Every structure is written in C-alpha cells, then in structure tokens.
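Comments concern the structure below.
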C-alpha cells in the first residue's frame, strides 16, 4: 500500500511569488492535515480537510489556503511569499477525522529567497 | 493556553536506556502520541496513550499520567538507528486537532 506522497520535494521561490504544494493521501484515507515545520518549532497546524471540507484551521494568515478534491488529494497554496515562509511543509493523512493516527508524507521543503 | 514541553536534545550510549519526557497543558485531552522523525524524513507513528499507564511495544514503551499532564517515551537497548527527533503530540478534545511539542533530538554515541 503506497504511503502519503507529497510533490514537489523541494522548491525555491522568491518573495512575492505564490506556490502550490500537492499531497496524495494513503488510499482510503479521507482526512488530510497540513503542517509547517521550522527548526526549533514544533509542527504548526495549518488546516485539516475531510470529505472536501475544511474542518479545522490553524493561526496562519489568509495567504495560506488549501483545498481537497473528491479523490481526497489535497493542495496547499501560499500567495505573496515572505522569507519567513521558508520551512518544511508536511502533509498527513488519516482514515477519519476522529481516528487520528496520522501518517505523514516526506514533506516539501520550501525556500523563499 | 496550550503548551507542550520536551527537552531539546538528549545524548545516550548505544545499548543503554533513555527516557524522553513530555509535559503538557491543554484545554482538553483526547490522547497523546509519540512520533519518530529521522533527519530529512517524514515523522513516523510510534505510540498512542489515552489511558493512564504503560504501553509496551518491543524496545519502545510509552507512559501516561493524565492527572500530572505527563508522558514519557522509554527506549531500551539503544541502537545507532535510534538517533532521531522524537515528537510528542496531544489531541485536543473538542476538534481532534493535534498539538505538537518542538521535539527532542536524541543523539546515540557508540
């Protein structure tokens, strides 16, 4: 059974640009959560999608947005990139929202120059 | 507020035992998770505690005391491959959101 797949693995962007990250969950998993990870910080929760609906949202500005498709694949978009957005972005999938053993992808490392 | 504390870094010797502590203060509690993350890789699930007590899984054990807001991860017979960051996370009661500690970097020396 394939794991969580995130693309691309690495991205380099400049300030002001926008970026779209993709996440394909484990087959059968309907919940997808997104996190930002920076050195010295815990995983910071961005948002969670379940059945194409955003169920929870973290404390990030509106420049961060996401969506989920009918096949449970999810995308995350960051507009007007800032230097501080440089981080590892992790996606995790789980069977349902409540049964929350989350399985993570390898992440997308975003560098903003 | 919600807060999860773990030591930043620990060092241990191959073959020894190490205990990684996690203390938490959250508005609600619906379970505590431990994950392992090797450098440059995805976090992988290790254990889940929702009731007080010790859960054992091979060389790894996890303990929870809800009244004290405290958990630990115990690693026995340490191997070099156990060098990684260990992340503690608490599931919120209301929205099932996971709240994460900053992680403990474990360095194993021969």
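Chains as they are written, first to last, in the numbering used here: chain A, 200 to 312; chain B, 27 to 136.
Where a beta carbon is used, it is the ideal one built from N, C-alpha and C, also for glycine.
Since this is a predicted model, take the numbers as computed values, not measurements.
Item	Value
Within the same chain, show all residues whose beta-carbon is closer than 6 Å to that of residue 221 (chain A), passing over the 5 residues directly before and after it, in chain order.	206, 274
What three-state label does DSSP hand residue 107 (chain B) in the structure shown?	helix
With DSSP collapsed to three states, give me the class of residue 58 (chain B).	strand
Between the region 286-294 of chain A and the region 75-86 of chain B, can you find at least three pairs of beta-carbon atoms closer than 8 Å?	no
Counting only Cβ pairs nearer than 8 Å, list the residues of chain A close to residue 67 (chain B).	305
For residue 95 (chain B), which of B:116, B:85, B:109, B:134 has the nearest alpha-carbon?	B:116
So is residue 44 (chain B) buried or exposed if we call it buried at 16+ other beta carbons inside 10 Å?	buried
May I have the straight-line CA-CA distance separating residue 31 (chain B) from residue 290 (chain A), to the nearest angstrom?	23 Å
Any Cβ of chain B within less than 8 Å of the Cβ of residue 242 (chain A)?	yes
Taking contact to mean at least 3 C-beta pairs separated by less than 8 Å, is the region 231-245 of chain A in contact with the region 259-276 of chain A?	yes
Could you pull the start and end residues of the beta strand (DSSP E) that residue 245 (chain A) belongs to?	243-249
Is the CB of residue 30 (chain B) under 8 Å away from at least one CB in chain A?	yes
Taking Cβ positions only, does residue 301 (chain A) come closer than 8 Å to chain B?	yes
When the Cα of residue 202 (chain A) is compared with those of A:227, A:212, A:213, which residue comes out closest?	A:227
Looking at the C-beta of residue 122 (chain B), does it have a partner C-beta in chain A at a distance below 8 Å?	yes
Less than 7 Å separating the Cβ of residue 258 (chain A) from some heavy atom of the ligand SAM?	The ligand SAM is absent from the structure shown, which contains no ligand whatsoever.
Take the Cβ of residue 277 (chain A) as the centre, count every other Cβ of all protein chains shown within 10 Å, and call the residue buried at 16 or more, exposed below.	buried
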